[in-house]
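2 protein chains.
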Amino acid sequence: MPAETYDVRPIGRVRSPLTDPAQAPKQGDEGAPPAEIVLDPAVVAGTAGLRPGAEILVFTWLHQADREVLAVHPRGDRTRPVTGVFATRAPHRPNPIGLHRVTIADIAGPVLTVHGLEAIDGTPVLDLKPVLGPTAQR
Amino acid sequence: MPAETYDVRPIGRVRSPLTDPAQAPKQGDEGAPPAEIVLDPAVVAGTAGLRPGAEILVFTWLHQADREVLAVHPRGDRTRPVTGVFATRAPHRPNPIGLHRVTIADIAGPVLTVHGLEAIDGTPVLDLKPVLGPTAQR
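Okay, structure coming up:
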């Protein structure tokens with residue numbers, strides 16, 4: 135049905151001591167070390183208004199994922215029943231977009247230091263968005 | 135810096151009475167009408183485990199966005215100072231990925247009826263993920 139495709143162009147990359155997907159925590163609140171988002175200098179103007187202490191959503195492209203997978207054992211636990219990928223946070227899915235809620239610790243030009251990012255070193259970053267409160271802060 | 139690009143392949147499309155971006159609410163909690171997500175039949179196996187009543191995140195490709203924009207007046211309000219797109223939820227940004235938190239009302243094969251989706255009719259859908267609680271429900 136949906137015939138056309140679109141190209142995503144990374145705006146930067148993750149720099150992290152995490153290098154092995156098997157060793158990385160499955161979610162950022164499960165012990166991820168501090169990491170950096172190193173932006174392409176061409177997009178730095180897009181960070182105006184971001185501040186240390188703010189929570190943001192980081193969108194990544196999970197470049198090592200298997201895009202053909204449609205069902206998995208949640209969290210790789212074979213005792214759990216096979217579930218559709220859209221009902222899980224498994225990296226494997228047709229469009230392997232990762233969503234990470236992190237806190238900005240520091241901003242220095244194109245480099246954002248963040249807490250709570252479980253993506254591995256080198257992961258392409260696609261977008262950053264502010265976390266929305268229930269009301270106005272948009 | 136990040137030279138390579140990746141292709142996103144829509145898994146479905148939004149079917150909605152909203153057709154004009156200028157008329158659509160800026161967020162789903164601002165009065166979006168019920169809408170449908172019509173999936174490609176090839177990916178329906180990925181929905182196993184989704185249930186009516188569940189909250190999910192819908193990732194879309196905002197195909198009418200301007201990808202060259204790096205700074206905007208938030209919510210199009212010219213009385214607000216120009217802000218980097220990564221500090222706003224503006225659709226215009228280098229990778230115009232939309233994030234929508236919706237509630238599933240019904241599932242019928244490849245068609246999910248949802249509440250709270252403010253995307254316009256025809257918007258490509260890239261991914262669905264469950265909303266995570268603070269703990270286990272993954």
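First to last, the protein sequences are chains A and B.
Just so we're aligned, residue 135 is where the first sequence starts under this note's numbering, counting upward by one.
Just so we're aligned, residue 135 is where the second sequence starts under this note's numbering, counting upward by one.
We put the beta carbon where it would ideally sit given N, CA and C, even for glycine.
In this structure, the straight-line span from the alpha carbon of A/H234 to that of A/P144 is close to 16 Å. Beta-bridge partners of A/V177 (DSSP): none assigned. For A/G243, no pairing in a beta bridge is given by DSSP. The stretch 240-254 of chain B makes contact with the stretch 137-156 of chain B; the number of CB pairs closer than 8 Å reaches 3 or more. When CB distances to chain B are screened at a threshold of 7 Å, not a single residue of the stretch 236-253 of chain A falls below it. Contact between A/F193 and A/D261 holds, with the beta-carbon distance rounding to 4 Å and staying under 8 Å.
With 16 or more other CB atoms across the displayed protein chains lying within 10 angstroms of its CB, A/V259 is buried. Short of 8 Å from the beta carbon of A/R185, and not among the five residues preceding or following it, lie these beta carbons of its own chain, in chain order: I238, I241. In this structure, B/V219 and B/H226 form a Cβ contact; the two beta carbons are roughly 6 Å apart against a cut-off of 8 Å. If you draw a straight line from the Cα of B/P159 to the Cα of A/T213, it is about 43 Å long.
Secondary structure of B/R209 (DSSP, three-state): helix.
Nearest in C-alpha terms to B/P151, of all of B/G250, B/T181, B/A188, B/R223, is B/G250.
Taking C-alpha positions only, B/L196 is separated from A/I231 by approximately 15 Å. Here B/P167 is not near B/Q198, since their CB atoms are 9 Å or more apart. When CB distances to chain B are screened at a threshold of 9 Å, the residues of the stretch 158-185 of chain A falling below it are K160, Q161, D163, V172, L173, D174, P175, A176, V177, V178, A179, G180, T181, A182, G183, L184, R185, in chain order. Your pair B/A188 and A/A182 does not check out as a contact, with CB atoms roughly 37 Å apart and the cut at 8 Å.
Within chain B, F220 have C-beta atoms less than 7 Å from the C-beta of A/L262, given in sequence order. About 19 Å separates the beta carbons of B/L173 and B/V265, which is beyond the 8 Å limit, so they are not a contact pair.
Taking C-beta atoms as the reference points, A/P228 and B/V177 count as a pair closer than 9 Å. Under the criterion of beta carbons closer than 8 Å, B/D141 and A/D163 do not qualify as touching, at roughly 31 Å.
The C-beta of A/D141 comes closer than 9 Å to at least one C-beta of chain B. Rounded to whole angstroms, the gap between the alpha carbons of B/D200 and A/A221 is 31 Å. For B/Q157 and A/R223, the gap between their C-alpha atoms comes out near 33 Å. Collapsing the DSSP output to three states places B/V172 in a strand.
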